[in-house]
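K.L.:
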Amino acid sequence: MSFNLRGAILANVQGSSEDQVEATITDAMASGEEKMLPGLGVLFEVYWRNADENQKQQMVTQITNGLQR
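So the working numbering is basically just the index in the sequence shown, starting at one, shifted up by 2.
Shown next as structure tokens:
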């Protein structure tokens, strides 16, 4: 049996408010549990698909800078 993790994550957060999305991100990061990483990845994918080129470049710059600390 095949399980669509991406689809399950999207269905779980579909219709969430901004506060709920922020809480989901904050809770996932605070828990430090690796099982939360796929969910954060899916949320990042949603951001990336909806970002303009300037927003994408800013995100890449922020991530690159964060990796150099």
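Note that beta-carbon positions come from the ideal geometry of N, C-alpha and C, so glycine has one too.
All of these numbers come straight from a predicted model, not from anything done at the bench.
Locate the alpha helix (DSSP H) running through Phe5, then write down its first and last residues.
P.N.:
No alpha helix (DSSP H) contains Phe5, which DSSP labels as neither H nor E.
K.L.:
Just reading off the alpha helix (DSSP H) that Glu20 is part of, what are its end residues?
P.N.:
Unbroken alpha helix (DSSP H) run through Glu20: 20-33.
K.L.:
Can you give me the Cβ contacts of Met61 inside the same chain, cut-off strictly under 8 Å, excluding the 5 residues immediately before and after it?
P.N.:
The residues are Tyr49, Trp50, Ala53.
K.L.:
Is it buried or exposed, Ile11, if we count other Cβ atoms within 10 angstroms and call 16 or more buried?
P.N.:
When all chains shown are included, Ile11 counts as buried.
K.L.:
Within a Cβ cutoff of 6 Å, which residues of the same chain sit near Arg8, ignoring the five residues on either side of it in sequence?
P.N.:
The residues are Val44.
K.L.:
Could you tell me whether the Cβ atoms of Ala2 and Gly41 are closer together than 8 Å?
P.N.:
Nothing can be reported for residue 2: it is not among the residues displayed for the chain, which extend from 3 to 71.
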